[in-house]
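Numbering (the UniProt record's numbering), first residue to last: 1 to 231.
Shown next, in the form of structure tokens:
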């Protein structure tokens, strides 16, 4: 009797080991409908066959080249903006603002896109004050972690600067400027993560992905199913 039980146990163990490669199907529920590349669709279909034929290559050359060109465009755009801001500063230092009707029409042109010089209204003085951009990546991460809207972020920043005894006019704070700066800092952080990962490619990594209900990107106070990937 004991010998038969051992044989049954060994047979079940062998069946389990032989079927391990076919137990799991970790993929988005609508993966086949969401895929637009035929090669990816065929690869997923092959992974659902017994013994899972096929494998992923080490580096996707086409994707790597595409991302490299995208990063190059981002760097060129940032350099262009830096040159534009530098030129604007030099022009502002030689052309003081005039408090007349002609200057009022130019106040709305990119008034929140770039730092501006504020001339003192006292007679006999020509002191200029550069508006300070103090929003750092760490501050952006804190605002995102607390899930503060742009309007709430402006309110918190203004309420924080005032008790510190600083002149709030010296700081670049508005709804559109905070939104622009937060977007730029997020892009910079994402690009830095990609560059660091590509510069330090590990021999072995653990990839985990699963569908999760995360805050929707298009609507506030709603959730949507997204494929969450962790390396």
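Note that the Cβ used here is the ideal one computed from N, Cα and C, for glycine as well.
By the three-class DSSP mapping on this structure, what secondary structure does residue i have?
i           : result
residue 53  : coil
residue 230 : strand
residue 67  : helix
residue 171 : strand
Work out the CA separation of residue j and residue i for me, nearest whole Å.
i           : j           : result
residue 181 : residue 71  : 19 Å
residue 172 : residue 144 : 19 Å
residue 167 : residue 197 : 41 Å
residue 176 : residue 154 : 10 Å
residue 3   : residue 19  : 25 Å
residue 209 : residue 165 : 48 Å
residue 227 : residue 43  : 18 Å
residue 184 : residue 14  : 55 Å
residue 122 : residue 74  : Per-residue confidence for residue 122 stands at a pLDDT of 42, beneath the threshold of 50, marking its modelled position as unreliable; the derived number appears in the next sentence. C-alpha separation (whole angstroms): 42 Å.
residue 9   : residue 47  : 29 Å
residue 41  : residue 60  : 16 Å
residue 34  : residue 67  : 21 Å
residue 159 : residue 202 : 45 Å
residue 134 : residue 80  : 21 Å
residue 63  : residue 16  : 38 Å
residue 5   : residue 50  : 29 Å
residue 170 : residue 223 : 39 Å
residue 76  : residue 174 : 27 Å
residue 151 : residue 163 : 20 Å
residue 29  : residue 149 : 32 Å
residue 161 : residue 193 : 31 Å
residue 204 : residue 32  : 28 Å
residue 65  : residue 147 : 35 Å
residue 83  : residue 142 : 30 Å
residue 45  : residue 11  : 30 Å
residue 27  : residue 53  : 16 Å
Give me the Cβ distance between residue i and residue j, rounded to the nearest whole Å; I'm assuming they're in contact under 8 Å.
i           : j           : result
residue 200 : residue 211 : Actually they do not touch by this definition, with Cβ atoms about 29 Å apart.
residue 231 : residue 214 : With a Cβ gap of about 17 Å, residue 231 and residue 214 do not count as contacting.
residue 69  : residue 140 : Not quite, the Cβ-Cβ distance comes to about 26 Å (not below 8 Å), so this is no contact.
residue 137 : residue 188 : 7 Å
Taking buried to mean at least 16 other C-beta atoms within 10 Å of its own C-beta, is residue i buried or exposed?
i           : result
residue 195 : exposed
residue 157 : buried
residue 229 : exposed
residue 178 : buried
Exercise. Pick out the complete alpha helix (DSSP H) segments inside the stretch 167 to 213, 4 residues or longer, and give them in chain order.
Key: Listed in chain order, the complete alpha helix (DSSP H) runs (minimum 4 residues) inside the stretch 167 to 213 are 175 to 199.
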